[in-house]
Every structure is written in structure tokens, then in C-alpha cells.
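Trainee: In my numbering, the protein residues as written are 7 to 116.
Glycine residues also receive a C-beta, built at the ideal position from the N, C-alpha and C atoms.
Quick caveat, the model's predicted, so the values are computed rather than measured.
Here it is, the structure, as C-alpha cells.
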């Protein structure tokens, strides 16, 4: 699922597990939208992206300091769904309450 509760995942890149190619050992890059301040984030290292064990990570918004630990299973599920085209384009998702009409949203490549 792309909606983690505090962030909307757009892209996830990581090192695949040798045991399960769809599971991630470590994240190298995450692009996400903060659902609190609506900032678009490109995270590739601390402090925005901190890897934890087994593909899990902590994401932190550099604009509003919104922070969430996300399990490796959530990232692996996201990667599987994107490979099969099951993630809706962000522009097709209803805006969160209070979101401004002038905000720009990235779209997943087709």
C-alpha cells in the first residue's frame, strides 16, 4: 500500500534480498509525499531516510519533521504492487483536507 498513514510512497529503490527478490534488505532511495504538509520528498540518506533491520526504515519530512517508522514488509508490498501496476497515480487520489489547489503532485511513470 502506498499510503503509510503519514507518507504516500511514490518510488522505492533498494537492495533486493537474496532469499526473496521482492523483499528489500536496505533502501537506497524513497520518493514520497508527506501527508501532513504535502511536501514532495526525495530521500536517499539520513536524516530523511534511516535504514533499520530487514528493509525497514524511518522516513522524516525535512519541512515539517513528520516522522514514521515503516516496516520492510510494507516497502516489499509496495514494490510488488508497483511491478504489477496496482498503485494509482497520485493525481487520481482525492486531496487531503486542507491541501491547496496550487500544490504539484508527481505521477508514477507509465
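One question on the structure: do residue 78 and residue 65 come within less than 8 Å of each other, judged by their Cβ atoms?
Mentor: Working through the chain shown from its first residue, we reach residue 78 at position 72. Working through the chain shown from its first residue, we reach residue 65 at position 59. It is not a contact, given that the beta carbons lie outside the stated cut-off.
Trainee: Does the Cβ of residue 38 have 16 or more other Cβ atoms within 10 Å, making it buried, or fewer, making it exposed?
Mentor: Your numbering for residue 38 matches position 32 in the chain shown. Result: buried.
Trainee: Contact check, residue 15 vs residue 84 under 8 Å by CB: the rounded distance?
Mentor: Looking up residue 15 in the chain shown gives position 9. Looking up residue 84 in the chain shown gives position 78. The Cβ separation is near 5 Å, so the contact holds.
Trainee: Under three-state DSSP, which class holds residue 83?
Mentor: Position 77 of the chain shown holds residue 83. It is helical.
Trainee: Could you tell me the boundaries of the beta strand (DSSP E) in which residue 40 lies?
Mentor: Position 34 of the chain shown holds residue 40. Where residue 40 is concerned, the enclosing beta strand (DSSP E) stretches over 30-40.
Trainee: With a CB to CB cut of under 7 Å and the five nearest residues on each side skipped, what residues in its chain are close to residue 76?
Mentor: Counting from one through the chain shown, the residue named residue 76 turns up at place 70. The answer, listed in chain order, is 10, 62, 63 and 65.
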